[in-house]
DNA sequence: ACCTGAACACCGTTCAAGT
DNA sequence: ACCTGAACACCGTTCAAGT
């Protein structure tokens with residue numbers, strides 16, 4: 040006696056009106072919304088709409104919205120170029136690692152926020168971290184310093200990209216310029232008795248675009264790590 | 040002829056059942072919810088409930104939720120102790136500034152998130168910034184470096200506190216310890232061909248509590264700023 | 001196994017109406 | 001001027017029911 044397959048396993052001739060749902064298809068749709076409208080627009084309901092279903096259908100492939108955000112973040116990290124370690128000079132590839140991560144995240148609006156609100160651990164995130172550890176260790180940075188430096192590097196790049204994306208979102212370049220000069224005027228206008236330094240440094244406080252500020256930060260962090268690793272500052 | 044005052048200006052004998060609404064009262068209620076349940080619980084509706092009104096009533100005193108969050112952040116910054124500048128040694132007060140800001144923010148759950156998502160500019164935030172500029176300039180740090188360093192310091196402290204608050208929220212200390220050892224095991228279990236460094240550094244990657252990691256970061260940043268200011272790294 | 005509609009328990013904000 | 005109720009246009013997630 041032959042038991043017939045249940046109806047959902049029987050092949051159907053009717054060609055499907057919609058492509059089948061899958062984790063990848065969901066992340067695809069989510070990435071499209073992210074790049075077009077930013078992370079806040081990536082809601083379960085919006086993704087479902089994009090895929091011509093109801094939001095409940097997504098939960099068969101993704102356990103919740105946070106997990107979906109982390110899947111998106113990992114996909115983005117897969118786009119990062121990983122600098123080769125250099126035994127004679129770890130500073131340059133270390134800085135390049137930060138620049139590459141920055142550029143990759145910046146291409147996708149405010150995804151950076153995902154890694155601020157959680158600690159993503161997808162395969163591409165791990166590969167990226169492995170690459171940084173290889174760069175630092177090849178240069179002789181001690182293991183504990185290299186390990187904690189990874190956190191420091193990630194935090195710095197991530198928040199820098201995120202702040203940049205906030206600026207980019209709220210109006211274009213001219214709007215940004217305007218905000219900066221308003222801020223400058225505001226600093227100048229502060230009572231000099233209480234805020235002598237803020238008022239005096241109005242120009243330097245508002246100087247530099249995102250890139251100049253980012254480069255300052257990576258110089259400081261890499262120089263500091265070099266000093267720390269060389270034992271100028273005693274580890275505790 | 041005497042024009043009578045409009046009814047809402049006429050004194051009333053009926054003692055009010057509820058205290059009158061005000062910006063301060065709203066921020067008070069919001070702070071209570073923040074300290075008890077975290078920033079996500081601070082919603083307009085929840086605050087209104089606490090004050091025995093409807094959410095619409097709040098909008099007479101506060102323009103929106105983001106502004107309210109910034110008012111809260113500024114109030115918290117008012118609790119920060121500001122280290123005195125020292126002309127002979129800026130490193131120590133600079134580090135102490137970071138520790139003090141860290142401690143202050145950490146006392147209030149995940150408020151730190153407010154200053155990640157926006158750039159608060161309330162009076163107490165400005166006073167705190169002024170204090171850091173005074174410390175750095177007294178030590179001879181050049182103006183541009185001091186200005187950009189303020190951003191760097193703020194970013195570092197803020198994200199450190201926020202990550203700490205995420206850890207603290209998701210279960211207590213034993214739960215945290217457990218997560219750490221799971222992470223350690225996970226790093227060890229990674230395929231050594233692809234993840235040699237991550238696997239080898241499992242112990243150092245998961246070593247150190249929040250304080251040790253925080254201290255590492257401030258040492259690196261301050262050492263780096265010193266190197267930068269001394270011209271070891273050429274400014275661009 | 002996979003998908004669905006409907007519901008639950010929330011949001012921030014607006015707006016006409018009341019005092 | 002200040003406060004209110006009701007509504008608008010959303011959320012994430014669950015759950016019983018369908019195929």
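Residue numbers (our numbering), protein chains in the order written: chain A, 40 to 275; chain B, 40 to 275.
Glycine included, every Cβ here is placed at the ideal spot set by N, Cα and C.
These numbers were taken from a predicted model, which means no experiment stands behind them.
**Message:** Tell me which residues share the same chain as residue 80 of chain A and place their Cβ nearer than 6 Å to its Cβ, disregarding the 5 neighbours each side in the sequence.
**Reply:** 72
**Request:** Measure the Cβ-Cβ separation of residue 107 of chain B and residue 69 of chain B and say whether it is below 8 Å.
**Result:** yes
**Asked** Who are the neighbours of residue 126 of chain B on chain A, taking C-beta pairs under 7 Å?
**Response** Ordered by position in chain A, no residue passes the 7 Å Cβ test against residue 126 of chain B, which lies about 14 Å from the chain.
**Request:** Check residue 119 of chain B in the structure and name its three-state DSSP category.
**Result:** coil
**Item:** Nearest candidate by alpha-carbon position, reference residue 178 of chain B, set B:167, B:128, B:217, B:235
**Value:** B:128
**Asked** In whole angstroms, what separates the C-alpha of residue 267 of chain A from that of residue 184 of chain A?
**Response** 8 Å
**Given residue 111 of chain B as reference, the closest of B:233, B:164, B:252 once Cα atoms are compared** = B:164
**Asked** Rounded to the nearest angstrom, how far is the Cβ of residue 247 of chain B from that of residue 149 of chain B, given a contact under 8 Å?
**Response** About 21 Å; that fails the 8 Å criterion.
**Message:** Considering only the alpha carbon of each residue, which of B:181, B:101, B:137 lies closest to residue 170 of chain B?
**Reply:** B:137
**Asked** residue 176 of chain A CB to nearest chain B CB: under 8 Å?
**Response** yes
**Asked** Can you give the Cα-Cα distance for residue 223 of chain A and residue 190 of chain B, rounded to whole angstroms?
**Response** 15 Å
**Asked** So which residues on chain B does residue 209 of chain A lean against when the C-beta distance must stay under 9 Å?
**Response** Per Cβ cutoff of 9 Å: no residues; residue 209 of chain A is ~10 Å from chain B at best.
**Request:** Could you tell me the distance, in whole angstroms, from the CA atom of residue 83 of chain A to the CA atom of residue 132 of chain A?
**Result:** 39 Å
**residue 130 of chain B (DSSP reduced to helix, strand or coil)** = helix
**Request:** Pull up the CB-CB distance for residue 116 of chain A and residue 186 of chain A, whole angstroms please, since I reckon it's below 8 Å.
**Result:** Not quite, the Cβ-Cβ distance comes to about 19 Å (not below 8 Å), so this is no contact.
**Request:** Go ahead and pull the three-state DSSP assignment for residue 243 of chain B.
**Result:** helix
**Request:** For the stretch 239 to 261 of chain A, enumerate the residues whose C-beta is nearer than 9 Å to any C-beta of chain B, in chain order.
**Result:** 239, 240, 242, 243, 244, 245, 246, 247, 251, 252, 254, 255, 256, 258, 259, 260, 261
**Inter-residue Cα distance where the pair is residue 158 of chain B and residue 208 of chain A** = 14 Å
**residue 194 of chain B burial status per 10 Å Cβ neighbour count (16 or more: buried)** = buried
**Asked** Can the beta-carbon of residue 198 of chain A be found closer than 8 Å to that of residue 257 of chain A?
**Response** no
**Prompt:** By Cβ distance below 8 Å, which residues in the same chain neighbour residue 263 of chain A in space, the five residues on each side in sequence not counted?
**Reply:** none
**Asked** Which residue comes first and which comes last in the alpha helix (DSSP H) that contains residue 163 of chain A?
**Response** 162 to 177
**Prompt:** Does the distance from the C-beta atom of residue 91 of chain B to that of residue 173 of chain A stay below 8 Å?
**Reply:** no
**Request:** Spatial neighbours of residue 196 of chain A within its chain, please: CB distance less than 6 Å, with the 5 preceding and 5 following residues excluded, ordered by chain position.
**Result:** 137, 140, 141
**Prompt:** How about residue 187 of chain A: is its C-beta nearer than 8 Å to some C-beta of chain B?
**Reply:** yes
**Message:** Between residue 237 of chain A and chain B, is any beta-carbon pair separated by less than 8 Å?
**Reply:** yes
**Asked** For residue 200 of chain B, which of B:87, B:241, B:152 has the nearest alpha-carbon?
**Response** B:152
**Item:** As assigned by DSSP and simplified to three states, the class of residue 53 of chain A
**Value:** The predicted model places residue 53 of chain A with a pLDDT of 36, which falls under 50 and marks its position as unreliable; any figure quoted below should be read in that light. The answer is coil: DSSP assigns residue 53 of chain A none of H, G, I, E or B.
**Contact list for the stretch 151 to 171 of chain B against chain A, Cβ threshold 7 Å** = 155, 165, 168, 169
**Message:** For residue 135 of chain A, tell me which candidate among A:122, A:144, A:145 has the shortest Cα-Cα distance.
**Reply:** A:122
**Asked** Should residue 203 of chain B be labelled buried (16 or more other beta-carbon atoms within 10 Å of its own) or exposed?
**Response** buried
**Asked** Taking a cut of 9 Å between CB atoms, which residues from the stretch 198 to 224 of chain A lie near chain B?
**Response** 198, 199, 201, 202, 205, 222
**Item:** Backbone secondary structure at residue 76 of chain A - three-state DSSP
**Value:** helix
**Request:** Express the C-alpha separation of residue 216 of chain A and residue 225 of chain A in angstroms, rounding to a whole number.
**Result:** 14 Å
**Prompt:** Helix or strand or just coil, what does DSSP make of residue 71 of chain B?
**Reply:** helix
**Asked** Relative to the C-alpha of residue 176 of chain B, which residue among B:130, B:120, B:218, B:250 is closest?
**Response** B:130
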